[in-house]
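Student: I have a structure I would like to understand better, so I am pasting it below and will then ask my questions one at a time.
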C-alpha cells in the first residue's frame with residue numbers, strides 16, 4: 005500500500021541515491037593528474053592571527069620555485085590556500101570546499117589549533133591526509149585515533165618538558181615563577197612543564213600568573229611574580245607579551261634566570277623591542293636557525309634562502325622566522341612527494357609522511373632532523389638550547405630530545 | 251493593490267520554500283553546509299531585525315547571544331549527554347532569559363549608548379568563554395567537539411542533508427512565528443514604541459515590558475541560531491564567536507532590509523557568500539594581495555548600500571510598485 009510514509013521514504017531514498025551517485029566517480033585519486041598535484045590549505049590571512057599569513061605565502065612561493073625547476077616527477081604543484089581568518093566555522097567551510105569542490109589531494113600546513121581541531125574529525129572520516137599541521141599542540145601525535153593527521157612543529161609540551169629536565173639537571177633548587185597565556189598555547193606548556201618536573205618537584209613552582217590575549221600589557225603580572233621571590237622566570241608568551249615581560253623583568257631589577265618559548269625567539273620582532281641589553285641571558289630552545297646570526301653566514305641553507313627570498317619574496321621575509329619555518333616545511337612536503345614516486349594515492353602520501361628518516365629540512369639548526377614513523381607522528385622532537393648574549397642566540401649544551 | 255502585493259508575496263514565499271526543499275537532493279555536502287549556514291544566519295538576523303528594525307533598539311552584540319546558544323547547546327550535548335534536538339530548545343530558553351535580563355538596563359539607554367553597551371558585550375564574550383573558572387564546562391580555549399547527528403528513524407539521508415532539513419524546519423517555524431508576531435497586536439505595539447514612544451505609552455502600551463520581552467525574544471532567536479551552528483560545525487571555541495560576527499549580523503539586517511522579515515534571507519546570503527566572492531575577485535592579484543578581500547568586501551558593501559539604501563527588501567518593493575504601475579495603468583484610472 006502506498007502510504008505517505010512509504011512514498012516519502014522511497015522518494016528520499018531515490019534522491020539520496022541520485023545525490024550519492026553523482027559524487028561516486030570523484031573518488032579515484034582526487035587532485036592528482038599526470039601533470040598536477042592539487043594541495044589544499046587554510047591560513048589566517050585576515051583577522052587577529054594574520055601575522056602568520058607569511059607562512060602560506062612562503063610555501064606558495066616555494067612550490068612556484070619547484071614548478072619552475074620542472075615539478076616533481078613531471079607534476080606541477082598547485083597550492084590552493086584559502087583564508088579562514090582563524091575562525092573554526094570558516095575553516096570547516098573552506099576545508100569542505102577544498103575537499104569536495106576543488107578536489108584537492110590532501111591538506112598541508114593548515115594553521116592554528118582551534119581550526120585544526122574543528123577539521124580533524126572530517127579529515128579522518130573522509131580519509132583526507134591532514135599533513136604537517138602548523139601548530140605545536142601535542143594532540144596531533146595520535147596515529148592510533150587519527151591516522152590521517154600528522155603534526156610538524158615540536159609540540160609545546162615537548163619543548164616545556166625539555167626545559168623542565170634541563171632545569172632539574174642544572175638548577176634543582178630553583179624557585180620558579182611562570183607567566184602564561186590563558187589559551188591552548190599556554191596550557192600546553194604548563195602541562196608539559198609540570199610533567200617534565202615530575203610530581204615530586206612540582207613544588208619548585210612558587211607562583212603562576214596568566215594573561216589574556218586581549219590585555220594591553222603584562223607588566224602587573226610580572227610585578228606580582230617578582231614578589232614571590234622566585235629566581236627562575238619562565239615566560240610562556242607570544243611575541244608582543246614576551247617583549248613586555250622581558251623588558252619589565254629587567255627594569256624591576258629582578259635577577260632571575262629567564263626562559264622564553266620558541267615562538268618568541270625572533271631578535272627583530274621580540275628582543276629588539278624589549279631591548280637587546282635587557283634580553284641578555286635569556287634561554288630558549290630552538291629548531292629554526294637565526295639567519296641573521298653571523299655564525300651561519302656560510303651555511304649553504306642560508307645562502308639558498310637568501311637567493312630564494314631575493315627572487316620570490318623580499319628582505320622583510322628573509323629575517324622573518326615564520327617564513328624560515330615555512331621554507332623548511334615546504335621542503336619537507338616536497339620530500340614526501342618525492343618519496344611517493346608515482347603512487348600519489350592518499351594512502352601512500354600518508355604512508356610516506358610517516359616514513360621520514362633523518363630528513364634535514366633546510367634552515368633547521370644543524371643536527372636537528374625530521375623523523376616520523378607509523379607510531380610517531382611528532383616530526384621534530386629535538387631542540388637546541390640557546391642563550392642570548394646581547395647580539396645573537398648562542399647554542400650551549402647538546403641537542404636535547406623531548 | 252495590497253491584494254496583488256499579497257499574492258506576489260505568497261508566490262515568492264512558495265517559490266523560496268520549494269527551492270529550499272529541493273536543494274538537499276541536488277547539492278553536494280559542501281553546498282549543503284553553506285545552505286545550513288545561510289539558514290542559521292537568517293534565523294539570527296530575524297531575531298536582530300525584530301529588535302532593531304521593528305523595535306528600534308540597536309544591538310551590536312548579538313554575537314554574544316549566538317555564543318550563549320552555541321556554547322549552551324555544546325555543553326548540554328558534550329558534558330550532560332542531552333540529545334541535540336532537546337539541547338537547542340533548552341539553550342534558547344537560557345538565551346531568552348539572558349536577553350530579557352539584559353533588556354532591563356537597556357531600557358535606560360537609547361541609540362548610541364545601547365549600541366556601545368551591546369558592543370561591549372560582544373567584545374567581552376570570547377574572553378568570558380575562555381575564562382579559567384568555567385574550563386570544566388566550556389573546555390576553555392580548546393573548545394568542545396560535538397559528534398554530528400545522523401538522520402533519525404533510519405531515513406536514507408546523509409548527515410549533511412538531515413542537518414540542512416533540521417535547520418530549515420527551525421527557520422520556517424521561527425519565520426512563521428515572527429511574521430505572526432509582527433502582524434498582530436504585539437507587533438504594532440513594538441513598531442509604535444520605535445516610532446513614537448510617548449504616544450505609544452499614552453495609548454496604553456507597556457513600553458518597558460514590550461522592550462525587554464523583545465530583547466528576550468531576539469536573544470532567543472540568536473540562541474537557536476547559535477545552537478544550530480554548534481551542531482552543524484561540530485565544534486565550538488571562543489574564536490568562533492568574536493566581534494566580527496556581531497558586526498556581520500548588523501550588516502546582514504541592513505542589507506536585507508530593516509523591518510523586513512523576508513529580506514533576512516538575502517541578508518544571510520550576503521554575509522555568507524560575499525566574503526568568498528571578495529576572495530575570488532582578488533585571486534588574480536597574486537600572493538601579496540591576501541589582505542585585499544577585506545577591502546573588496548567593504549567596496550561591495552558600499553555599492554550595495556548606495557544602490558539599495560533600504561536593503562534588498564526595499565529594492566524589491568520599489569521594483570514591485572514600478573512593475574505594477576507599468577503593467578496596469580488602466581485599472582488605476584478607474585480607482
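Residue numbers (the numbering used here), protein chains in the order written: chain A, 5 to 406; chain B, 251 to 585.
Using N, Cα and C, we set each Cβ at its ideal position, and we do this for glycine too.
With distances taken from CA atoms, which of 417(B), 457(B) and 452(B) is nearest residue 436(B)?
Tutor: Selected option, being the one with the closest Cα: 457(B).
Student: So, under 8 Å CB-CB, residue 305(A) and residue 366(A) are touching, yes? Tell me the CB distance rounded to an integer number of Å.
Tutor: Rounded, the Cβ-Cβ distance is 4 Å, consistent with contact.
Student: Buried or exposed: which applies to residue 419(A), given that a residue is buried once 16 or more other Cβ atoms fall within 10 Å of its Cβ?
Tutor: Residue 419(A) is absent from the model: chain A starts at 5 and stops at 406.
Student: State yes or no: is the beta carbon of residue 382(B) nearer than 8 Å to at least one beta carbon in chain A?
Tutor: Cβ-Cβ to chain A under 8 Å: yes for residue 382(B).
Student: Cβ of residue 96(A) less than 8 Å from any chain B Cβ?
Tutor: Taking Cβ atoms only, chain B reaches closer than 8 Å to residue 96(A), which makes this a yes.
Student: Just the Cα atoms here: how many angstroms apart are residue 54(A) and residue 260(B)?
Tutor: Straight-line Cα distance between these residues: approximately 46 Å.
Student: Contact between the stretch 374-389 of chain B and the stretch 499-515 of chain B: three or more CB pairs below 8 Å?
Tutor: No: fewer than three Cβ pairs fall under 8 Å.
Student: Please compile the residues from chain B whose C-beta is within a distance smaller than 9 Å of the C-beta of residue 181(A).
Tutor: The contacting residues do not exist; residue 181(A) stays about 18 Å from chain B at best.
Student: Could you check where the alpha helix (DSSP H) with residue 356(A) kicks off and where it finishes?
Tutor: Start and end: 350-357.
Student: Does the beta carbon of residue 218(A) sit closer than 8 Å to a beta carbon anywhere in chain B?
Tutor: It does: the Cβ of residue 218(A) has a partner Cβ on chain B nearer than 8 Å.
Student: Residue 543(B) versus chain A: which residues are under 9 Å apart at the beta carbon?
Tutor: Correct list: 49, 50 and 87.
Student: Taking Cβ-Cβ distances shorter than 9 Å, what residues in chain A pair up with residue 395(B)?
Tutor: Per Cβ cutoff of 9 Å: 121, 122, 124 and 125.
Student: Consider the Cβ of residue 451(B): report whether some Cβ of chain A lies at a distance smaller than 8 Å.
Tutor: Chain A, which has no Cβ nearer than 8 Å to the Cβ of residue 451(B), makes this no.
Student: Using beta-carbon positions only, say whether residue 83(A) and residue 43(A) come within less than 8 Å of one another.
Tutor: The answer is yes: Cβ separation under 8 Å.
Student: Once the 5 residues before and after residue 344(A) are set aside, which same chain residues still bring their CB inside 7 Å of it?
Tutor: Closer than 7 Å at the Cβ level, and outside the excluded window around residue 344(A), lie 352, 353 and 356.
Student: Can you give the beta carbon distance from residue 293(B) to residue 474(B), rounded, assuming they're within the 8 Å contact cut?
Tutor: At roughly 6 Å, the Cβ-Cβ gap stays under 8 Å, so residue 293(B) and residue 474(B) are in contact.
Student: Is there a Cβ of chain B sitting closer than 8 Å to that of residue 66(A), yes or no?
Tutor: No, residue 66(A) does not count as interfacial toward chain B.
Student: In or out: residue 276(A) buried (at least 16 other Cβ within 10 Å) or exposed?
Tutor: By the 10 Å Cβ count, residue 276(A) comes out exposed.
Student: Taking the C-alpha atoms as reference points, what is the distance between residue 493(B) and residue 487(B)?
Tutor: Roughly 14 Å between the two C-alpha positions.
Student: With three or more beta-carbon pairs closer than 8 Å as the criterion, would you say the stretch 445-459 of chain B touches the stretch 333-349 of chain B?
Tutor: Contact fails: fewer than three Cβ-Cβ distances are below 8 Å.
Student: Sorted by chain position, which residues of the same chain lie with C-beta nearer than 6 Å to residue 270(A)'s C-beta, five sequence neighbours on each side aside?
Tutor: Around residue 270(A): 325.
Student: Within 10 angstroms of its Cβ, does residue 160(A) collect 16 or more other Cβ (buried), or is it exposed?
Tutor: The residue in question, residue 160(A), is buried, as its Cβ has 16 or more Cβ neighbours within 10 Å.
Student: What are the boundary residues of the alpha helix (DSSP H) that includes residue 343(A)?
Tutor: 325-344 is the extent of the alpha helix (DSSP H) around residue 343(A).
Student: Along the alpha helix (DSSP H) that carries residue 458(B), what are the first and last residues, could you check?
Tutor: 457-483 is the span of the alpha helix (DSSP H), which, as asked, contains residue 458(B).
Student: Going straight from the alpha carbon of residue 342(A) to that of residue 114(A), what length do you get?
Tutor: Approximately 21 Å, taken between the alpha carbons.
Student: Looking at C-beta atoms only, is the number of pairs between the stretch 524-535 of chain B and the stretch 371-380 of chain A that lie closer than 8 Å three or more?
Tutor: Because the criterion of three Cβ pairs below 8 Å is not met, the stretch 524-535 of chain B and the stretch 371-380 of chain A do not touch.
Student: How would you call residue 321(B), buried or exposed, if buried means at least 16 neighbouring beta carbons within 10 angstroms?
Tutor: Residue 321(B) comes out buried.
Student: Rounded C-beta distance between residue 460(B) and residue 443(B)? I'm assuming under 8 Å.
Tutor: Going by Cβ atoms, the distance from residue 460(B) to residue 443(B) rounds to 6 Å, so yes, they are a contact pair.
Student: From residue 334(A) to residue 514(B), what does the alpha carbon distance come to, in whole angstroms?
Tutor: Computed Cα separation, rounded: 44 Å.
Student: Taking just the CA atoms, how far does residue 415(B) sit from residue 421(B)?
Tutor: Their Cα atoms are separated by approximately 10 Å.
Student: Kindly indicate which three-state DSSP category residue 25(A) falls into: helix, strand or coil?
Tutor: Per-residue confidence for residue 25(A) stands at a pLDDT of 37, beneath the threshold of 50, marking its modelled position as unreliable; the derived number appears in the next sentence. Residue 25(A) falls in the helix class under three-state DSSP.
Student: Please say whether residue 205(A) and residue 229(A) have beta carbons closer to each other than 8 Å?
Tutor: Contact: no.
Student: For residue 139(A) versus residue 116(A), is the C-beta spacing smaller than 8 Å?
Tutor: For residue 139(A) and residue 116(A), yes; Cβs fall inside 8 Å.
Student: With a threshold of 8 Å between beta carbons, is residue 558(B) in contact with chain A?
Tutor: No - not a single Cβ of chain A is within 8 Å of the one on residue 558(B).
Student: Determine the contact status of residue 560(B) and residue 507(B), defining contact as a CB-CB distance below 8 Å.
Tutor: Yes, they are a contact pair.
Student: Check the DSSP bridge columns for residue 211(A) and list the partner residues they point to.
Tutor: Residue 211(A) is bridged to 181(A).
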